[in-house]
Structures are given as structure tokens and as C-alpha cells.
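Residue numbers (this note's numbering): 57 to 199.
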């Protein structure tokens, strides 16, 4: 009779996605890490406007109270993406607010995704200027 030795392989894992569903507010905040072993960052998402036909509608995303994404005229810019830098790491931010912004029915969904790039995927050439994040002046009204 022979003895068989089995080597178990273990690997490190990391969170690559998280889903949260929020209904009602035009301001949403959460905490997340953008890299293995990185520190937690506060992410705040604000949608402002008086309805879907307004020109003043806008989307603001703040990381650690610094405005990193500012999108105006959501009627035309309801989907998009932008690269932001958090602790020197390039993070792709994607948004899709179409169903939420244009829905006449009960509250619909908006999607916001953040994906940290690997070190070899991107070498930054310039850095975006960040501005302090201010609380919203106007809430979101749906008609």
C-alpha cells in the first residue's frame, strides 16, 4: 500500500466588487479600499437638479471630501467614465444613471463602479486638480 501526499494550494484573495442598493436620497456615502492593504476611503455621490429636463442637473463624486468627478447636464451625460487618482493609484470610475434619472415609474437604479488599475496598467502623466466637496444646495426632485 502506498501513501499519497496531497499539497493544498492556498491563494490570496481580494474584493473585486460590491453591490449596494439605496433608494430615496440624492446623496449617498460609503467607505471602500482601492488596493490591497490600502486605507479606507470615504466615497460620496451627489446628484442634484430639479428634474430630468433641467440644465442645472449634475453629478458630483467626492473621495475623502475632495471632488474628483463633476458631471454637468445629466440629460446628455447620463453614462460615462473618468480616471481618478487616489493615493497615487489610478481608479476607473464608471456611471450609468439613465434608468434612475429618466424613469417615470417607482425608483429605479443607477450604477456606479470603481476599478483600481494595476501598477503596470497605467503610468500617470498629469494629475487632476481636486477641489473641496461641498454639501448639496438643492435636493433631487423627480416628477
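Note that the Cβ used here is the ideal one computed from N, Cα and C, for glycine as well.
Could you name each continuous beta strand (DSSP E) segment of 3 residues or more that falls completely within the stretch 91-137, going from the start of the chain to the end?
-> For the beta strand (DSSP E) assignment, the uninterrupted runs of no fewer than 3 residues enclosed by the stretch 91-137 are, from N- to C-terminal side, 97-104, 114-119 and 122-128.
Run through DSSP, which three-state label would residue 155 get?
-> The residue you call residue 155 lines up with position 99 of the chain shown. Three-state result, residue 155: helix.
Buried versus exposed, by CB contacts within 10 Å (16 or more), residue 104 | Looking up residue 104 in the chain shown gives position 48. Burial check for residue 104: the Cβ neighbour count within 10 Å reaches 16 or more, so the residue is buried.
Does DSSP put residue 47 in a helix, a strand or coil?
-> Outside the displayed span of the chain (57 to 199) sits residue 47, for which this structure offers no information.
Tell me whether residue 171 sits in a helix, a strand or coil according to DSSP, three-state version.
-> Along the chain shown, read from residue 1 onward, the residue named residue 171 stands at position 115. Strand at residue 171.
Drop a sphere of 10 angstroms on the beta-carbon of residue 166, count the other beta-carbons inside from all chains shown, and report buried for 16 or more, exposed for fewer.
-> The sequence position of residue 166 within the chain shown is 110, counting from 1. Buried, since its Cβ has 16 or more Cβ neighbours within 10 Å.
Identity of the residues DSSP links to residue 148 by a beta bridge = For the purposes of this step, residue 148 is identified with residue 92 of the chain shown, where counting begins at 1. Residue 148 pairs with 139 and 171.
Can you check whether the CB of residue 125 is closer than 8 Å to the CB of residue 149?
-> Locating residue 149 in the chain shown gives position 93, counting from the first residue. Locating residue 125 in the chain shown gives position 69, counting from the first residue. Yes, these two residues count as a Cβ contact at 8 Å.
Count the other C-beta atoms from every protein chain shown that fall within 10 angstroms of the C-beta of residue 135, then say buried if there are 16 or more, exposed otherwise.
-> Within the chain shown, the letter at position 79 stands for residue 135. Exposed is the label assigned to residue 135, since fewer than 16 other Cβ atoms lie within 10 Å of its Cβ.
Could you check the C-alpha separation between residue 141 and residue 130 for me, to the nearest Å?
-> Taking the first residue of the chain shown as position 1, residue 141 is located at position 85. Taking the first residue of the chain shown as position 1, residue 130 is located at position 74. Going from the Cα of residue 141 to the Cα of residue 130 covers about 23 Å.
What first and last residue would you give for the beta strand (DSSP E) that runs through residue 88?
-> Working through the chain shown from its first residue, we reach residue 88 at position 32. Its beta strand (DSSP E) spans residues 83-88.
Residue 145: CB within 7 Å of a non-hydrogen atom of the ligand ZN | You won't find the ligand ZN in this model; it holds no ligand whatsoever.
Could you round the C-beta distance between residue 102 and residue 88 to whole angstroms and report it? I think they count as a contact, below 8 Å.
-> Along the chain shown, read from residue 1 onward, the residue named residue 102 stands at position 46. Along the chain shown, read from residue 1 onward, the residue named residue 88 stands at position 32. Contact doesn't hold; Cβ gap of about 17 Å is too wide.
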